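Student: Just so you know, the sequence shown maps onto residues 30 to 422 in the numbering used here.
Where is the CB? At the ideal position from N, CA and C, for every residue including glycine.
Model, not experiment: these values are computed from the prediction.
This structure is in structure tokens; I'll ask about it shortly.
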Amino acid sequence: MTMGRKRTTAALAQKLPENIIVDILFKLPARSLSRFRLLSRKYLSLLQSPDFITAHARDSCLNRAGVLVLAESISGKKEALFLPPVIPPDNNSNGTSIEPVKKNGFTDFPLPFLKGYSEFGEEPKLRYAGSFNGLVCLIHHRWGEYWVLWNPATSQFSFAPPPILPQRDCFCNGARPHRVIAGFGYDSAVGDYKSVRVSWWTEDGGGVQVEVLSWAKRSWTEIQDRSLDTILTVKRQGSWSFQNLPVATSNGGVYWMDTGTGMVLCFKLHDEKLEWISTPDDAAAAASWSVLRTINVWKGSLAMFVLPVQDSLLSVWLFDEGESSWSTLLTIPLQGSPCIPEAIWRVNGERLFLLYVNCIACDSTGGARLKLPFHVISRAFEFAETLVPIPGS
30 MTMGRKRTTA
40 ALAQKLPENI
50 IVDILFKLPA
60 RSLSRFRLLS
70 RKYLSLLQSP
80 DFITAHARDS
90 CLNRAGVLVL
100 AESISGKKEA
110 LFLPPVIPPD
120 NNSNGTSIEP
130 VKKNGFTDFP
140 LPFLKGYSEF
150 GEEPKLRYAG
160 SFNGLVCLIH
170 HRWGEYWVLW
180 NPATSQFSFA
190 PPPILPQRDC
200 FCNGARPHRV
210 IAGFGYDSAV
220 GDYKSVRVSW
230 WTEDGGGVQV
240 EVLSWAKRSW
250 TEIQDRSLDT
260 ILTVKRQGSW
270 SFQNLPVATS
280 NGGVYWMDTG
290 TGMVLCFKLH
300 DEKLEWISTP
310 DDAAAAASWS
320 VLRTINVWKG
330 SLAMFVLPVQ
340 DSLLSVWLFD
350 EGESSWSTLL
360 TIPLQGSPCI
370 PEAIWRVNGE
380 RLFLLYVNCI
390 ACDSTGGARL
400 KLPFHVISRA
410 FEFAETLVPI
420 PGS
């Protein structure tokens, strides 16, 4: 924005009633709001106000949520692309061909934290750990040693202090956890964002160990609970095969799904307890490979996508955390070969779009088909732009 345009915008803003200005700002995406910080100290103060940030985030998550795609290009470059709930007309195809996504109307988010990984001396192997209120948590390395919290809309990011367990002598001597799952979410009871790391150890006596990171305090705590081993071994014999798709909901839970049984493991961030959730009835045939399943978020709640292999009817189930029960939200007839989608989101207020791992997004009615400019999708999840700052940074 040039100096002349800044002066013109500031002059016009002074003539508008303050409540109208606030209402206009309230409806703008977080990227656009960043420009208003330069207009005056008054706007800067408003945009940094906790009340405005909280209200704007709530409205964005309810009314402007789309899908954020973490992917790699053909050249191997890591990218992030936001697919909004409104797709411009020139990005709609007639369904007879697969149209490449034009950048107009879609948002490329830079990944500024990648340079910070150069100290590790290797190409960052990023894994998704969760997202909430416009903040995205990623980990580097399969053991979950390095964590970063990132706001794509504001480009702010911060690295977490190292977890407790890697500092133990056994880890330094070459011992590693047999398996690590990681998650991230928001504990509304204390107003703190938290990360959780669950490790299965085969050395140092074995067992299961859970660590929780408070982003506000920037410190890890190991959960001392002797029942953890029982919780994670009573449901199944043999090794676990957790889907590396953690889900954080608006009710303070972080979830993982065991691909072998369809059972869902939940970690309650406030109580800091692990518990199991049964599979929806229609997905109960989980012991066989006759049903495809994945979990994701639908408007802030835990959702499971269920697709029988011999069927072309995808069912979307929502979990009621208060009642601890599942209910069918909708069913979607799929076109072509049955394949479980990575994410589902509503476009232009009515149509449902389904995003697949092959980088194709399809209208649920078999209409518009869009080709995303990626080689492979590593994760796609519900996302809304917010001004939420990185806690503790």
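Considering Cα atoms alone, identify which of A409, Q77, E47 and F81 is closest to F55.
Tutor: Here residue 55 refers to the residue found at position 26 of the sequence shown. Ranking A409, Q77, E47 and F81 by Cα distance to F55 puts F81 first.
Student: So is S224 buried or exposed if we call it buried at 16+ other beta carbons inside 10 Å?
Tutor: In the sequence shown, residue 224 corresponds to position 195, counting from 1. The residue in question, S224, is buried, as its Cβ has 16 or more Cβ neighbours within 10 Å.
Student: For W179, list the residues DSSP reports as bridge partners.
Tutor: The sequence position of residue 179 within the sequence shown is 150, counting from 1. V165 and F186, per the DSSP bridge assignment.
Student: Can V417 and A86 be called in contact, C-beta distance under 8 Å?
Tutor: Your numbering for residue 417 matches position 388 in the sequence shown. Your numbering for residue 86 matches position 57 in the sequence shown. It is a contact, given that the beta carbons lie within the stated cut-off.
Student: In three-state DSSP terms, what is D254?
Tutor: Here the question's residue 254 lines up with position 225 in the sequence shown. D254: coil per DSSP, three-state reduction.
Student: The alpha helix (DSSP H) spanning R60 covers which residue range?
Tutor: For the purposes of this step, residue 60 is identified with residue 31 of the sequence shown, where counting begins at 1. Element bounds for R60: A59 to F65.
Student: Check each candidate in S341, S354 and I210 and name the one with the smallest Cα separation from L303.
Tutor: Sequence index remark: in the sequence shown, residue 303 carries index 274 (1-based). Measuring from the Cα of L303, the nearest candidate turns out to be I210.
Student: Helix, strand or coil for C15 per DSSP?
Tutor: The requested residue 15 is not part of the displayed model; the chain covers only 30 to 422.
Student: Who are the near neighbours of A218 in its chain, counting only those whose CB is closer than 6 Å to its CB and skipping five residues on each side?
Tutor: Here residue 218 is taken as the residue at index 189 of the sequence shown, counted from 1. Around A218: H299.
Student: Indicate whether the contact test is met: 3 or more Cβ pairs, each with one atom in the region 348 to 357 and one in the region 380 to 394, closer than 8 Å.
Tutor: Contact fails: fewer than three Cβ-Cβ distances are below 8 Å.
Student: Once you ignore the five residues that flank L75 on each side, which residues in its own chain have a CB closer than 8 Å to its CB?
Tutor: Looking up residue 75 in the sequence shown gives position 46. Contacts found: V51, L54 and F81.
Student: Our contact map puts I324 next to M292 with C-beta atoms below 8 Å; I'd like the distance itself, whole angstroms only.
Tutor: On the sequence shown, position 295 is the one that residue 324 refers to. On the sequence shown, position 263 is the one that residue 292 refers to. About 11 Å; that fails the 8 Å criterion.
Student: Is the Cβ-Cβ distance between F403 and A100 less than 8 Å?
Tutor: Position 374 of the sequence shown holds residue 403. Position 71 of the sequence shown holds residue 100. Yes, the pair counts as a contact, with Cβ atoms nearer than the cut-off.
Student: Am I right that P141 and S184 are in contact with their C-beta atoms under 8 Å? What's the rounded C-beta distance?
Tutor: Mapped onto the sequence shown, residue 141 falls at position 112. Mapped onto the sequence shown, residue 184 falls at position 155. About 5 Å separates the two Cβ atoms, so the contact holds.
Student: How is K107 classed by DSSP in three states: helix, strand or coil?
Tutor: In the sequence shown, residue 107 corresponds to position 78, counting from 1. Looking at K107 - three-state DSSP - the assignment turns out to be strand.
Student: Taking a contact to mean a Cβ-Cβ separation below 8 Å, would you say A158 touches F213 in this structure?
Tutor: For the purposes of this step, residue 158 is taken as the residue at position 129 of the sequence shown. For the purposes of this step, residue 213 is taken as the residue at position 184 of the sequence shown. In contact: A158 and F213 (Cβ atoms closer than 8 Å).
Student: Going by the DSSP bridge assignment, what does R398 pair with across the sheet?
Tutor: Start at 1 with the first residue of the sequence shown, and residue 398 comes out as number 369. R398 pairs with C391.
Student: Indicate the three-state DSSP secondary structure (helix, strand or coil) for S135 in the structure shown.
Tutor: Indexing the sequence shown from 1 puts residue 135 at position 106. With the sequence shown as reference, residue 135 is identified as Phe, and Ser is not the correct amino acid for it. Coil at F135, not helix or strand.
Student: DSSP three-state label for L75, please.
Tutor: Stepping through the sequence shown from its first residue, residue 75 is reached at position 46. Note: L75 maps to helix in three-state DSSP.
Student: Select from V376, T288 and Y284 the residue whose C-alpha is nearest the C-alpha of L160.
Tutor: The residue you call residue 160 lines up with position 131 of the sequence shown. With the sequence shown as reference, residue 160 is identified as Ser, and Leu is not the correct amino acid for it. It is Y284.
Student: Which of the three DSSP states, helix, strand or coil, is assigned to L54?
Tutor: Indexing the sequence shown from 1 puts residue 54 at position 25. Of the three classes helix, strand and coil, the one that applies to L54 here is helix, per DSSP.
Student: Please state whether DSSP places T332 in a helix, a strand or coil.
Tutor: Looking up residue 332 in the sequence shown gives position 303. A quick correction: the sequence has Ala, not Thr, at residue 332. The answer is strand: DSSP assigns A332 an E or B state.
Student: Contact defined as beta carbons within less than 8 Å: I believe T415 pairs with A94. What is the distance between those atoms, to the nearest angstrom?
Tutor: Mapped onto the sequence shown, residue 415 falls at position 386. Mapped onto the sequence shown, residue 94 falls at position 65. T415 to A94, Cβ: 10 Å. No contact.
Student: Which residue wins for smallest C-alpha separation from Y222, given the options W229, L178, V386 and I193?
Tutor: Taking the first residue of the sequence shown as 1, we reach residue 222 at position 193. The shortest Cα separation from Y222 among W229, L178, V386 and I193 belongs to L178.
Student: According to the Cβ coordinates, are F410 and L97 closer than 8 Å?
Tutor: As a first step, residue 410 is located in the sequence shown; it is residue number 381 there, counting from the start. As a first step, residue 97 is located in the sequence shown; it is residue number 68 there, counting from the start. A contact, by the Cβ cut-off of 8 Å.
Student: Throw me the rounded Cβ distance for the W229 and V237 pair, which I believe falls under 8 Å.
Tutor: Sequence index remark: in the sequence shown, residue 229 carries index 200 (1-based). Sequence index remark: in the sequence shown, residue 237 carries index 208 (1-based). That pair is a contact at about 6 Å.
Student: Tell me the rounded alpha-carbon separation between V335 and W346.
Tutor: Against the sequence shown, residue 335 aligns to sequence position 306. Against the sequence shown, residue 346 aligns to sequence position 317. Each residue's Cα considered, the two are about 8 Å apart.
Student: Taking the C-alpha atoms as reference points, what is the distance between L331 and S279?
Tutor: Against the sequence shown, residue 331 aligns to sequence position 302. Against the sequence shown, residue 279 aligns to sequence position 250. So the alpha carbons of these two residues sit roughly 9 Å apart.
Student: With H, G and I counted as helix, E and B as strand and the rest as coil, what does DSSP make of E414?
Tutor: The sequence position of residue 414 within the sequence shown is 385, counting from 1. Reduced to three states, the DSSP call for E414 is coil.
Student: Which one or two residues does DSSP pair with Y157 in a beta bridge?
Tutor: Here residue 157 refers to the residue found at position 128 of the sequence shown. Y157 is bridged to L167.
Student: Which residue marks the beginning of the beta strand (DSSP E) containing A372, and which one marks its end?
Tutor: Walking along the sequence shown from the start, residue 372 turns up at place 343. Unbroken beta strand (DSSP E) run through A372: A372 to V376.
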